[in-house]
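One structure below.
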Amino acid sequence: MTKGRKYAIALTAALGLIMGILDNTIVNIALVPIAKELKIDLSTVQWLVTGYFLAQAAVIPVAGYLGNRFGSRRIFMGSVAIFTLGSLLCGVTQDPTMLITFRVLQGIGAGALFPLGQALALDPFEPHERPAAMSLLVIPILLGPILGPILGGWLNDSFGWQYLFLINVPIGFITVFLTWRVMPHDHHRTPEELAKSKQFDYVGLVLSTMGVLGIVYGFSLVNEVDPATRTQLNPSGIAYGWGYWLVWTLVGVGTALVAAFCLYELRRPDPMLDLRMFKKYSFTIATIVSCVISGTVFGALLLLPVFLQQIRTPHLTALDTGLALIPQGIGSLIGAGLGGPLFNKLGGRIITGAGAIFVIIALWQFGNLTPTTDGWAMTPWNFLLGMGLGLTFIPSQTLAFLSLRGTALTKASSLLNVTRQIAGSVATAITITLLGQQTTYHFNLLQADAIKNLPAGAPTPNPADPQYAQAMQQLGAQAGTNGINDVFIYLAIGTVLVFLLSFALPSRKNVIAMEEEAERLHGSLEVAPIHIG
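Numbering (the UniProt record's numbering), first residue to last: 1 to 533.
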């Protein structure tokens, strides 16, 4: 195979990855405009993010099986087609339920793009050529956080939120065509290979998917409005809250299903997700770090556009919001670039600890917003948040895969990516729930203070009075700001766990020993694929 053909294959795979990665960041910018146009609340619209993550988490472990059973090229092409179809349907529907459903369809297609795209891109290259090929795959990973908010804001303001999805349609058609023309055909499989590939853990898939869905939906239900509480005097209604019986029923059943999944997987000789990988100390600690930092940063990425577009006065446009988030992407790019070289010199403990401190400082500063805070005033903290994310991800990914090769590496990669997607889904649901809860708390508090401070004998406020409407708008902006500040502080406190766990990571001396052991057993070290987002 010629060198040009090899790079054409890698570029085709990268094109498929760009769609999936951009969709992780591009939609966040439009959540508020979508909610306003479709007349739904944030607890509902957040399922555009949560559903996408959950669908990916369900498909990632299945992708390897499908690739082995039916051919990686064929499944990759089919995944792009499913993602493209989901994008088209998202762009033409005006029904909130169908939009979330089609967003899940997008996630199903995107879930297989990452593992199969990387395998197809790297397979034609010799081991010494793979670093150059990996650089092509890293480009969309690093550029996604920068281009996503800008592109999403521009498309939303210029054409409407529908085009955030419709833009994927021509890219998807091009990717399918290039995959068909450029990528080599899947090799013919022997009867023995086909018989082995038919064995799949369907029970594990159902238990894990239903368990996580129950937990996520249970948390999100806290902020759902009870229809029975909507009245003429209170058209907004009252949220179910933490005391609602169905919340804890769903969380309890979901937790039980996840526990059953763990027990079932540990007894299978060839499980869908090999939980025995958690016996490896470095992998376990690195996975926990990756999941916690993913949860806190995913929460922040959801809150910032909500503040700028819905709470802050005056509201920013989607494009201005995207521009305000550029420093975060630049910080991630720089942090990821520095993470590798610094890891080789200083080890994972120092780099992860420093990255966690950056994230904690940024989130703590975001906890001091005012209703008039400008997007550009948040620039240093956005940059610091991105820098911290890049610095913590690189060491955790490297340490997770450092001593693993072959099938163990594949199993570890699937397990890490699935757990991180689940962490992002749960964090998204909890973040929106806490935001609604704290905003309501502060609104009631501020409203009670305002009523208490009314002069004696003052007339009852008239809702039709423009001054009353303006006062309520200011009250809502202050309550929303106070609520979002509380959640940012909670996220900062949660990130302290990452800082503490950094001391539990293998020391530089142990890392060197792990590298030497891997070289002794496998002859040479290969760079494990890095997934961000």
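C-beta: ideal position from N, C-alpha, C; glycine also.
Nearest candidate by alpha-carbon position, reference residue i, set the options
i: Met387; options: Ile311, Thr495, Ile330; result: Ile330
i: Thr84; options: Ala63, Thr175, Gly211; result: Thr175
i: Glu480; options: Gly436, Leu491, Ser502, Leu497; result: Contrary to the premise, residue 480 reads as Gly rather than Glu in this sequence. Ranking the options by Cα distance to Gly480, first place goes to Gly436.
i: Ala477; options: Pro371, Asp95, Ile394, Ser220; result: Pro371
i: Met210; options: Gly254, Leu266, Gly243, Leu501; result: Gly254
i: Gly172; options: Gly148, Trp161, Ala228, Leu113; result: Leu113
i: Pro314; options: Leu257, Asp374, Ala256; result: Asp374
i: Met183; options: Leu155, Gly299, Arg73, Val292; result: Arg73
i: Asp95; options: Lys39, Gly243, Asn68; result: Lys39
i: Arg267; options: Ile293, Phe307, Asp201; result: Asp201
i: Asn156; options: Met98, Ala30, Trp248, Leu273; result: Ala30
i: Ala427; options: Leu302, Ile326, Trp376; result: Leu302
i: Asn444; options: Asn482, Gln421, Ile351, Asn417; result: Asn482
i: Pro115; options: Leu384, Ile293, Val59, Gly340; result: Val59
i: Val203; options: Ala356, Gly241, Pro271; result: Pro271
i: Ala14; options: Val80, Tyr65, Gly64; result: Val80
i: Gly340; options: Ala300, Leu316, Asn368, Thr392; result: Thr392
i: Leu151; options: Ala318, Gly16, Leu501; result: Ala318
i: Ile489; options: Leu434, Phe503, Ala471, Asp449; result: Leu434
i: Asn485; options: Trp245, Thr229, Asn368, Gly86; result: Asn368
i: Ala300; options: Ala471, Gln162, Gly67, Phe383; result: Phe383
Buried or exposed by the 16-neighbour rule on C-beta atoms within 10 Å, applied to residue i
i: Tyr217; result: buried
i: Lys3; result: exposed
i: Lys411; result: buried
i: Gly36; result: The identity of residue 36 in the sequence shown is Lys, whereas the question assumes Gly. Exposed: under 16 other Cβ atoms inside 10 Å.
i: Val487; result: buried
i: Gly390; result: buried
i: Ser220; result: buried
i: residue 534; result: Because residue 534 is not part of the residues shown, which for the chain are 1 to 533, the question remains open.
i: Arg103; result: buried
i: Ser158; result: exposed
i: residue 538; result: The shown model of the chain, from 1 to 533, leaves out residue 538, and the question about it has no answer.
i: Ile351; result: buried
i: Val27; result: buried
i: Pro327; result: buried
i: Met378; result: buried
i: His185; result: exposed
i: Asn417; result: buried
i: Ser294; result: buried
i: Pro305; result: buried
Cutoff 6 angstroms; reference residue i; Cβ partners in own chain excluding five residues on either side
i: Met77; result: Val176, Thr179
i: Ala348; result: This sequence places Gly at residue 348; Ala is not what is there. For Gly348, where only same-chain residues beyond five positions count, the Cβ hits under 6 angstroms are Pro395, Leu399, Leu505.
i: Ile360; result: Ala492, Thr495
i: Pro529; result: Confidence in Pro529 is poor, its pLDDT being 38 and thus under 50, which makes the residue's placement unreliable; the coordinate value appears in the next sentence. So the qualifying residues of the chain are Gln118.
i: Leu497; result: Val292
i: Gln310; result: Val32
i: Leu88; result: Val169
Close beta carbons around residue i, own chain, < 7 angstroms, minus the five adjacent residues each side
i: Gly144; result: Ile21, Leu22, Asn24, Thr25, Gly533
i: Trp47; result: Ile100
i: Trp381; result: Ala362, Gln365, Phe366
i: Thr12; result: Thr175, Leu178, Thr179, Val182, Met183
i: Met277; result: Phe283, Lys411, Ala412, Leu415
i: Phe298; result: Gly424, Ala427, Thr428
i: Ile9; result: Leu120, Ala121, Pro124, Val182, Met183
i: Leu257; result: Leu207, Met210, Gly211, Gly214
i: Trp242; result: Val222
i: residue 535; result: Because the chain is modelled from 1 through 533, residue 535 falls outside the range shown and cannot be assessed.
i: Ile82; result: Leu105, Ile108, Gly109
i: Pro61; result: Met272, Leu273, Ser414, Val418
Same chain, Cβ closer than 8 angstroms to residue i, five either side skipped, listed in chain order
i: residue 566; result: Residue 566 lies beyond the stretch modelled for the chain, which goes from 1 to 533, so this question has no answer here.
i: Thr50; result: Val216, Ser220, Ser425, Thr428, Ala429
i: Ile432; result: Leu42, Ser43, Gln46, Ser220, Asn223, Leu302
Any non-hydrogen atom of the ligand PLP closer than 6 angstroms to residue i Cβ
i: Asp123; result: For the structure depicted, the ligand PLP is absent and the ligand set is empty, with no information on it obtainable.
Could you tell me whether the stretch 324-335 touches the stretch 464-480, using the rule of 3 or more Cβ pairs below 8 angstroms?
For the pair of segments examined, the stretch 324-335 was found not to touch the stretch 464-480: the number of CB pairs separated by less than 8 angstroms stays below three.
Could you say if the stretch 103-120 and the stretch 44-54 meet the contact criterion of at least three C-beta pairs nearer than 8 angstroms?
yes
Between the stretch 391-401 and the stretch 252-268, can you find at least three pairs of beta-carbon atoms closer than 8 angstroms?
no
Can you list the alpha helix (DSSP H) stretches of 4 or more residues lying completely in the stretch 279-329, in chain order?
Taking only runs of at least 4 residues, the alpha helix (DSSP H) segments lying wholly in the stretch 279-329 are 281-306, 318-324.
In chain order, what are the residue ranges of uninterrupted alpha helix (DSSP H) at least 4 long that sit wholly in the stretch 84-130?
96-122
Three or more C-beta pairs under 8 angstroms: does that hold for the stretch 273-293 against the stretch 242-256?
no
Within the stretch 414-462, note down every full beta strand (DSSP E) run reaching 3 residues or more, in order along the chain.
none
Alpha helix (DSSP H) segments (min. 4 residues) lying fully within the stretch 9-35:
Taking only runs of at least 4 residues, no alpha helix (DSSP H) segment lies wholly in the stretch 9-35.
Whole alpha helix (DSSP H) elements within the stretch 330-388, 4-residue minimum:
348-366
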